[in-house]
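Only one structure is covered here, and it is reproduced in the block below.
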Amino acid sequence: MQNYDDIFPLVRDILVDMFELDAEQIQPNAKLYDDLDIDSIDAVDLVVKIKEVTGRKVKPEDFKSVRTIDDVVIAVQKLLED
């Protein structure tokens, strides 16, 4: 599970489950804070969940510049490649 097409549905399902979002809202260019109303505490919860799901240690700096769903998917992809 290292390519974008495998990771995007995983990220989408996590967001739907954790934040009760509609799957249709979760598009690659959707902005976490502006479009999906995810705040900084939610973002931390998301990082914790990604750590649980991937079994990888997540460095906060890897997610510091994440702004969109696409950014999250790419960050997870890099995490899995390491």
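Here the sequence shown is numbered in this note's numbering, starting from 20 and rising by one per residue.
No residue lacks a Cβ here, since even glycine has one placed at the ideal position from N, Cα and C.
Remember, predicted model here, so these are calculated numbers, not experimental data.
Within the present structure, is the beta-carbon of residue i separated from the nearest heavy atom of the ligand MG by less than 7 Å?
{"i": "residue 48", "result": "Among the components of this structure there are no ligands whatsoever, and the ligand MG is therefore not found."}
Could you tell me which of the options sits nearest to residue i, measuring between CA atoms?
{"i": "residue 46", "options": "97, 92 and 88", "result": "88"}
{"i": "residue 91", "options": "69, 59, 37 and 43", "result": "69"}
{"i": "residue 75", "options": "56, 54, 95 and 37", "result": "95"}
{"i": "residue 86", "options": "99, 64, 54 and 24", "result": "54"}
In terms of residue numbering, what span does the alpha helix (DSSP H) encompassing residue i cover?
{"i": "residue 84", "result": "Neither: residue 84 is in no alpha helix (DSSP H) and is coded neither H nor E."}
{"i": "residue 30", "result": "23-38"}
{"i": "residue 96", "result": "88-100"}
For residue i, count the other beta carbons within 10 Å of its own beta carbon; 16 or more makes it buried, fewer makes it exposed. Which is it?
{"i": "residue 26", "result": "buried"}
{"i": "residue 60", "result": "exposed"}
Discussion item. Below 8 Å, how does it come out for the stretch 33-40 and the stretch 61-75: are there three or more Cβ pairs, yes or no?
Written reply: yes
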